[in-house]
Structure formats: C-alpha cells, structure tokens
Amino acid sequence: IIGDVAVIKLPDILLPYKNSIGDSLIKVNRSVRIVMMDSGVKGDLRIRELERIAGEGGSATIHKEFGVRMAADPSKVYFNPRLASERYRIASLVKDGEIIIDMFAGAAPFGLVICKRARPKIIYSIDINPDAERFARKSMELNRIENIVPITGDAAEAIKDLPEADRVIMNLPQTAEVFLADALSKTKVSGIVHLHKVIERSELDIFIGSMEKEAGSRGFGIIIDTVTELKTYSPTMSVYVFDIRRVE
C-alpha cells in the first residue's frame, strides 16, 4: 500500500480474475482508492510497470510514514513502502549536524524521514530520474523541510562534486556494490555507508569478503559493523543491508 494506492502481483492463473480481485480489495479496505497490478520494476529508472485493475484516477498519492507526508507515484518514480523500518533505523543513528549523501534516492523517503526524526546538516538526494527530484521537492514543501538538496543525475558522477559525508545511503539492491568505491571516496574516515544488496543467503560470507577485498584494492580500509536481513527476495535469496565503516 502506497498512500491510497494498492499495488499487487498476480500469478498467471489469476489474471482472468484481476478486475474482480481489484474490486474486492477496494470493498474490504476503505483506505484504498485504486488497485494497480505490478509486472515488475523496469530499466535504470526503476519504474514499476503498472496496470490499473480497479478504482478511479491516477497513481499519484500522498504516503504517510512516521509522521512524514511523502508525495509518490509508483508508476513514475521508485518508492518502496516495505523499507519504512529501515528508514526509521537509519534516522535513529544520525547525529546532529551530519552531512548525508543518498546515492539512489528515488523520491527521497530516506532523507525525509531522517530530517523529521534527526537533525542532519544537509542531505544530498541523488537520482537519475527527473521525476524523483520533482516528487522530492513536493514532499519537502509538504513537510516544511529545507535541508534536502535533490539532484538529478548519475550518482557516480554527481557525487564527485559533493563534500565528504558522515553517512552514505546506497539503496540499489541489484548493483550497489559496483558503486562502493565511489561512495567510500566521499565518506569521511569513521563515516558509515549503508549498502543494500540482494544475494543468495548461502553466499553472504563470500560477498562480505569480496567487498573487503575490492575496497582494499582501491585504497580504502573498511569494517562491516552490522549485517541485517531486510526481507526475502526469493526462496534462496534475501535483501541485506551492510553498515560499512570506513577506517582509512
């Protein structure tokens, strides 16, 4: 559920009944205005391929999370409501005056929650999707937040012009590790990188070792402070978050 929009996935066997299923969801949940069928996230912009199967209007909505109002449209910009607890966790770790870079920010939900629950100096919120910046700015107005700087562009390039950060967020589970050296290059010594990655559960230790080796080969010393399983991805795979501390 994103605001008043329900997003569901259906197996092929249920596709002939998709409209009836959508209508039923609206009948039993008064907070749902529209039901969209999800065919998966597509392309570099991480846009969901959605089809309206019940209800009226478009998929633009206002999502509420921990007292924060977030402008979102799952058909135009990446947004994952299942990461609410992770956003709250990171916000609880932020100290006063931190400089934060969110490399793959989507509509800036991490930045919004952090600004509401903590006192960062500034958050640079980067996404390659122009609509992400538009929705981030709308949410900033809704919550009277002024210390987020939305940036449209490729994170690996945009980060080069930013100051060193106390904390870097990397919510790109498919390929985040590819950009780890870019993140570390803008992380202060003793700063933290929060890297999200989907991997085979049986290969967790191998992945940690490969990150440590790769960082070392690029001249960065790191310590993995914590590893948390965020959610299952498939019968054998999960999405993990690695809290990586730069030590040199």
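Converting from the sequence shown to my numbering requires adding 795 to each position, the first position being numbered 1.
Don't be surprised by glycine CBs; every beta carbon is placed ideally from N, CA and C.
Between the CA atoms of residue j and residue i - distance to the nearest angstrom
i     : j     : result
G862  : V800  : 18 Å
G1011 : I1017 : 8 Å
I943  : P904  : 11 Å
G817  : T1027 : 25 Å
S880  : I796  : 15 Å
L979  : A886  : 20 Å
E1009 : N938  : 40 Å
Contacts around residue i, its chain only, beta-carbon distance under 8 Å, and the 5 residues preceding and following it disregarded
i    : result
R882 : E860, F861, P904, F905, V908, I909
E941 : M935
L820 : A801, I803, V827, V830, A849
From the options, residue whose alpha carbon lies closest to that of residue i
i     : options                    : result
G986  : R1041, L957, Y1028, N966   : R1041
F1037 : E1043, I1019, S1029, P1030 : I1019
P869  : E936, M898, G835, S815     : G835
S826  : G798, D833, R847           : G798
H991  : Q969, G1014, P811          : Q969
Beta-carbon gap between residue i and residue j smaller than 7 Å
i    : j     : result
D922 : A953  : no
G853 : R828  : no
L845 : M865  : no
R996 : S1033 : yes
I857 : L957  : no
D926 : K871  : yes
D891 : R914  : yes
I894 : D961  : yes
Residue i classed as buried or exposed, judged by whether at least 16 other C-beta atoms fall within 10 angstroms
i     : result
K804  : exposed
I808  : exposed
R841  : buried
V984  : exposed
S934  : buried
T1021 : exposed
N875  : buried
R843  : buried
D1000 : exposed
E928  : buried
V785  : Shown here, the chain extends from 796 to 1043; a query on residue 785 therefore has no answer.
Chain B within 7 Å of residue i, Cβ atoms only
i    : result
A927 : As a matter of chain content, chain B is missing from the structure shown, which is built from one protein chain.
Close beta carbons around residue i, own chain, < 7 Å, minus the five adjacent residues each side
i    : result
F974 : M898, A950, A951, M965
S920 : D897, A900, A903, G906, A931, I943, V944, P945, I946
Nonlocal neighbours in the same chain, by C-beta distance under 6 Å from residue i, ignoring five residues either side
i     : result
T1023 : V1036
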